[in-house]
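Reading through the structure tokens given below for one structure.
Protein chains: 2
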Amino acid sequence: MTDHPPATTPDRRPGGRTARIRAQVLDAVRAELTEGGHEGLTMEGVATRAGVHRATVYRRWRDVGGLLVDVIDAAGEMDWQPPDTGSLRGDLTALNQEIQDSLVVQPSFAVALMAASFHSEQAARAQKKLWADRYAQCEVLVHRAVERGELPSRHTDAHSLLTAATAPVYHQLVLLRADPDPQLPERSAAAAVLAAAAGAFSDLREERA
Amino acid sequence: MTDHPPATTPDRRPGGRTARIRAQVLDAVRAELTEGGHEGLTMEGVATRAGVHRATVYRRWRDVGGLLVDVIDAAGEMDWQPPDTGSLRGDLTALNQEIQDSLVVQPSFAVALMAASFHSEQAARAQKKLWADRYAQCEVLVHRAVERGELPSRHTDAHSLLTAATAPVYHQLVLLRADPDPQLPERSAAAAVLAAAAGAFSDLREERA
DNA sequence: CCACTAGTGCGACAGCTGTTGCATTAGGAT
DNA sequence: ATCCTAATGCAACAGCTGTCGCACTAGTGG
Chain A
625 MTDHPPATTP DRRPGGRTAR IRAQVLDAVR AELTEGGHEG LTMEGVATRA
675 GVHRATVYRR WRDVGGLLVD VIDAAGEMDW QPPDTGSLRG DLTALNQEIQ
725 DSLVVQPSFA VALMAASFHS EQAARAQKKL WADRYAQCEV LVHRAVERGE
775 LPSRHTDAHS LLTAATAPVY HQLVLLRADP DPQLPERSAA AAVLAAAAGA
825 FSDLREERA
Chain B
625 MTDHPPATTP DRRPGGRTAR IRAQVLDAVR AELTEGGHEG LTMEGVATRA
675 GVHRATVYRR WRDVGGLLVD VIDAAGEMDW QPPDTGSLRG DLTALNQEIQ
725 DSLVVQPSFA VALMAASFHS EQAARAQKKL WADRYAQCEV LVHRAVERGE
775 LPSRHTDAHS LLTAATAPVY HQLVLLRADP DPQLPERSAA AAVLAAAAGA
825 FSDLREERA
């Protein structure tokens, strides 16, 4: 067995007990993660909280990284919709507010996930994919703004604009660990919109499909 | 002994052997960190590489977090100067380029430090302080730009501007783990300058000293 | 040169982590 | 209802991690 156990794809026997134990374990992971951060995430602790034997957790998820991958994938499966307030600035502000809220809550599941994804290569890949999906979903905000005529050029790099708007929030709260600024979501969104209006993200050299 | 051993302040006996062992251990930490990332950082590995007994490392630095604090503090002690190219956009571009270079190198000591600072509360504090110092140093870029008349208002929040300029680089490379974009440093800097020129970071409500 | 002692090396130890073989249970199929 | 077997529980095990007492080395001060 060189490849991983079918943690995310319980094909063989999808029946009651297996699914039940998987749910118990994933719930335990989320609980441990939000309570004690990624530090408190132990195979032992998860097994105990889930009421499952250690060996079972080791066999199905191999290590902490495997648990995280499963949790991240589960998070990606829940449907999520970007805000729609009627204006680009409003949308980006709402998005930033949502991000800030998820990061400020103590304890923050989102922060724990980011921190933990540095532990495991698999978890990092899973989270990279999750984030790519979310940002791809958000590109519709930019397209709507272009259709409304809020942006000067049709050649606006949506991803750059979204990154410029949201990155400061993550940077302040995750990396710099600064105290949350209630005005940051709006100010960062506004700054990105102003830069976009000035053509900062116009993408004339690369036609992205 | 409830408080930590005087790892950073070897007051009692600053003599040859103690200082020599500290240097050996810190060198070993940096080497292990850059080679294997924060995953490969083990007390055992550091001790072996430094040619020192495990018990010595445990006694003086207590755990991996203690090692990281000492390394981060050492990194903060080396003097660093923000770029001075003659224009705000040039300065921010150069700064972003410097950041991107430090993050793109494989293996990246900077990324390993960030990842590792999620492990330990002490390391997180040390790095928060280091980053605050660096950003405070960079505020001179904004002040120079104001004096040159590149910015419309004297009330420009330097920290917000700097964050807006640099955050996307960190976000792309550290959190989103995207492939490095050689144009990102300049584009992000340009976007921040445009936003600042449009008054996005004017701070009229709070007079910061 | 000698005495003092902080700091280090050494080895043994407990506790924890992850693995493995075997017995048992429970979901699925005939 | 009964059998089949995947999945789990159980327990013993090796390996690693962190701690501690003791001996000794090497700065430090006289």
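First to last, the protein sequences are chains A and B. Everything in the first sequence is counted per our numbering, starting at 625 for the first residue and increasing by one. Everything in the second sequence is counted per our numbering, starting at 625 for the first residue and increasing by one. By construction, the Cβ of each residue, glycine as well, lies at the ideal position given by its N, Cα and C atoms.
| query | If we cut at 9 Å on Cβ distances, does TRP755(B) have a partner in chain A? | reply | yes
| In terms of alpha-carbon separation, which member of ALA736(A), ALA782(A), PHE733(A) and ARG772(A) lies closest to ALA756(A)? | ALA782(A)
| said: Going by C-alpha to C-alpha distance, which of GLY710(B), SER784(B), ALA699(B) and ASN720(B) sits closest to PRO806(B)? | reply: ASN720(B)
| Which value, in whole angstroms, describes the spacing of the CA atoms of PHE825(B) and LEU800(A)? | 19 Å
| From this set, ALA769(A), ALA788(A) and GLU810(A), which residue's C-alpha is nearest LEU619(B)'s C-alpha? | The first residue shown for chain B is 625 and the last is 833, placing residue 619(B) beyond what the model contains.
| query | Under 9 Å, do ALA736(B) and THR658(B) count as touching if we go by C-beta distance? | reply | yes
| So VAL693(A) packs on GLN746(A), CB below 8 Å; how close in whole Å? | 5 Å between Cβ atoms; contact.
| Beta-carbon spacing of GLY823(B), PRO776(B) below 9 Å | Taking a C-beta distance under 9 Å as the contact criterion, GLY823(B) and PRO776(B) qualify as a contact pair.
| query | When we look at the beta-carbon of ARG811(A) and count the other beta-carbons within 10 Å, is it buried (16 or more) or exposed? | reply | buried
| Can you name the residues of chain B whose CB is closer than 7 Å to the CB of PRO792(A)? | Taking a Cβ-Cβ threshold of 7 Å, the residues of chain B close to PRO792(A) are THR787, ALA788 and ALA791, in chain order.
| said: Let me check understanding here. Comparing Cα to Cα, which of GLY661(A), ALA643(A), ASP827(A) and ILE645(A) lies closest to VAL729(A)? | reply: Selected option, being the one with the closest Cα: GLY661(A).
| said: On the criterion of 16 or more Cβ atoms from any shown chain inside 10 Å, does VAL653(B) qualify as buried, or is it exposed? | reply: buried
| said: Tell me which residues share the same chain as ALA816(A) and place their Cβ nearer than 7 Å to its Cβ, disregarding the 5 neighbours each side in the sequence. | reply: Cβ neighbours of ALA816(A) beyond the five flanking positions: LEU716, LEU785, ALA788 and ALA789.
| Beta-carbon neighbours of SER732(A), restricted to chain B and to distances below 9 Å | Going along chain B, no residue has its Cβ under 9 Å from SER732(A), so there is no contact; the nearest lies around 12 Å.
| LEU800(B): first and last residue of the uninterrupted alpha helix (DSSP H) it sits in | It is not in any alpha helix (DSSP H) - LEU800(B) carries neither H nor E in the DSSP assignment.
| When the distance is taken between beta carbons, is ARG646(B) closer than 9 Å to ARG673(B)? | Cβ atoms of ARG673(B) and ARG646(B): not closer than 9 Å.
| Would GLU771(A) be called buried (16 or more neighbouring beta carbons within 10 Å of its own) or exposed? | exposed
| query | Helix or strand or just coil, what does DSSP make of SER732(A)? | reply | Coil.
| query | Count the other CB atoms within 10 Å of the CB of PRO809(B); is the residue buried (16 or more) or exposed (fewer)? | reply | buried
| Does any residue of chain B bring its CB to less than 9 Å from the CB of TYR759(A)? | yes
| field | Contact set between ARG801(A) and chain B, taken where Cβ atoms lie within less than 7 Å | value | What ARG801(A) touches in chain B, judged by beta-carbon distance under 7 Å, is ALA748 and LYS752, going in chain order.
| query | Which one of ARG778(B), ARG758(B) and LYS752(B) has the shortest CA to CA distance from HIS767(B)? | reply | ARG778(B)
| Nearest-angstrom Cα separation, counted from VAL688(B) out to LEU665(B) | So the two alpha carbons sit approximately 7 Å from each other.
| Rounded distance between the beta-carbons of GLN761(B) and PRO706(B), thought under 8 Å | 6 Å
| field | Cβ distance (whole Å) where LEU712(A) is taken to contact ALA802(A) below 8 Å | value | Contact flag wrong, Cβ pair sits at about 26 Å.
| Which residue comes first and which comes last in the alpha helix (DSSP H) that contains LEU650(B)? | 640-660
| LEU727(A) vs TYR682(A) beta-carbon contact at 9 Å | No.
| What does ALA739(A) touch in chain B if you count any residue whose Cβ is under 7 Å from its own? | The answer, in chain order, is PHE742.
| task | Assign THR780(B) to one of two classes, buried (16 or more other C-beta atoms within 10 Å of its C-beta) or exposed (fewer than that). | result | buried
| query | With 16 as the cutoff for other CB atoms within 10 Å, does HIS677(A) come out buried or exposed? | reply | exposed
| Nearest chain A C-beta to ALA674(B) closer than 9 Å, yes or no? | no
| What is the rounded straight-line gap between the Cα of GLY714(A) and the Cα of ALA814(A)? | Each residue's alpha carbon lies about 9 Å from the other.
| Residue span of the alpha helix (DSSP H) that contains GLN705(B), given as start and end | From DSSP, GLN705(B) is part of no alpha helix (DSSP H); its letter is neither H nor E.
| Taking C-beta to C-beta, are ASP708(A) and LEU765(A) nearer than 9 Å? | Yes, Cβ-Cβ distance for ASP708(A) and LEU765(A) is below 9 Å.
| said: Our contact map puts VAL695(B) next to LEU650(B) with C-beta atoms below 8 Å; I'd like the distance itself, whole angstroms only. | reply: 6 Å
| query | Does ALA814(B) have its Cβ less than 9 Å from a Cβ in chain A? | reply | yes
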